[in-house]
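Residue numbering for the sequence shown is -23 to -1, 1 to 273, as defined by mature numbering (1 follows the signal peptide of the UniProt record, and there is no 0).
Virtual Cβ for every residue (Gly too), placed ideally from N, Cα, C.
These figures come from a predicted structure and were not determined experimentally.
Each remark here refers to the structure printed beneath this line.
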Amino acid sequence: MKRFGVLVAGLALLLSACGNPLAGGGEGGAGGDIIIGASDVGESLLLAQIYAGTLRNAGAENVTVRPPVGSREVVVKALQDKSLSLVPDYSGNLLRYFDKDTPATTSAEVYAQLKQKLPAGFEVLEQAPAEDKDLLVVGKQLADSGVRTFSQLGPRCKDLVMGGPGQWSSRWKDRIKQLYGCEFKEIRTTDTGGPVTVAALRSGDVQVADLFSTSATIAANGFVPLEDDKHMFPAQNIVPLVAKGVLNERETAALNRVSAALTTEELIQLNVEFTGEKRNPQDIADDFLARNGLKS
């Protein structure tokens, strides 16, 4: 429900950054440069900087991070003509872009189907253990009353107001009813995992909220994530999406080592450093690589 699927269109900035990157030619990987796309979302910028540092350590030259990349349609076109070389992405959203009717939900299922469904000209490298996916969270009082899973939430939904992004009803209202018998008293549009949603749950204006698994606001506010025990939300593992042929074996292996080191706990910490501590994304990326033995 998030990230490249709902990015603000940054096409104008992309076009002005270096001529027209969608026109192909020497702007992208085909000309020897490695251009990493990132959105204006902090987590995407951090991942792009981690990828950039990794590739430089692996001997790559002329590595550039270019935010923001725009909508998924823009990203796909740019990767096709190699005006972008790679982007950090999310396995579930990416699979659903190429196969909207996929039934896959678990990490293994999603990744296996994603590799099968990718069109020619694309490849995904190894996925990270780290996920950033939708969660339903509640306050401590509701959790202490016995609501710790979606199944336990289901019978209580009729008395509860849920807060989340505007598209939540169209994407999940019918699915949560089907799987869990949950029909909320009201589904209120707040924002996409941001401060409005957090404030509404904290104040009690909503009793259930859609947030994201790497959000530092969950622990900071004592919110309790509910277990999605029937896997309504698909897995959203971090995965590099790459234009085929732009990376050599050494560069690919280096990015795979980064993915292996990237856990959800690490991703949460990276987000805390960026949003809470206001650190520079490149400094955060350098520290991540150093503490995981990934910096030469």
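Residue i to residue j span [Cα, whole Å]
i, j, result
"Leu91", "Pro211", "12 angstroms"
"Tyr74", "Val52", "12 angstroms"
"Gly181", "Lys221", "49 angstroms"
"Leu168", "Phe127", "It is worth fixing the name first, because residue 168 is Asp in this sequence and not Leu. The alpha-carbon atoms of Asp168 and Phe127 are separated by roughly 21 angstroms."
"Gln118", "Ala177", "15 angstroms"
"Leu271", "His208", "34 angstroms"
"Arg43", "Asp109", "22 angstroms"
"Ala120", "Leu188", "16 angstroms"
Per DSSP, the bridge partner or partners of residue i
i, result
"Met209", "None, per the DSSP bridge assignment."
"Asp66", "Val216"
"Ile12", "Thr41"
"Leu224", "Bridge partners of Leu224: none, in fact."
"Thr126", "Glu204"
"Phe99", "Ala220"
"Ile164", "Met139"
"Val185", "Val115, Met139"
"Glu108", "Asn214"
8 angstroms contact criterion, which residue i and residue j should meet: CB distance rounded
i, j, result
"Gln26", "Ala231", "In fact, because the Cβ distance is near 14 angstroms, the residues do not count as touching under 8 angstroms."
"Val114", "Pro202", "5 angstroms"
"Val183", "Val138", "5 angstroms"
"Glu20", "Thr241", "Going by Cβ atoms, the distance from Glu20 to Thr241 rounds to 12 angstroms, so no, they are not a contact pair."
"Ile245", "Ala193", "6 angstroms"
Heavy atom of the ligand FMN within 7 angstroms of residue i beta-carbon
i, result
"Ala267", "The ligand FMN is not among the ligands present in this structure, which contains no ligands whatsoever."
Residues near residue i by beta carbon distance below 6 angstroms, same chain, minus five either side
i, result
"Asp76", "Lys94"
"Gly69", "Val87, Pro211, Ala212, Gln213"
"Leu266", "Gly30, Lys272"
"Ala238", "Asn269"
Sequence-distant residues of its chain with Cβ nearer than 8 angstroms to residue i (five each side left out)
i, result
"Asn198", "Val175, Leu178, Arg179"
Cut-off 7 angstroms between Cβ atoms - residues of its own chain near residue i, not counting five sequence neighbours on either side
i, result
"Asp206", "Thr126, Phe127, Ser128"
Practice task
Would you be able to state if there are at least three C-beta pairs under 8 angstroms between the segment 251 to 259 and the segment 59 to 69?
Solution key: no
Exercise for the section: Could you tell me whether the segment 150 to 163 touches the segment 128 to 135, using the rule of 3 or more Cβ pairs below 8 angstroms? Expected result: yes
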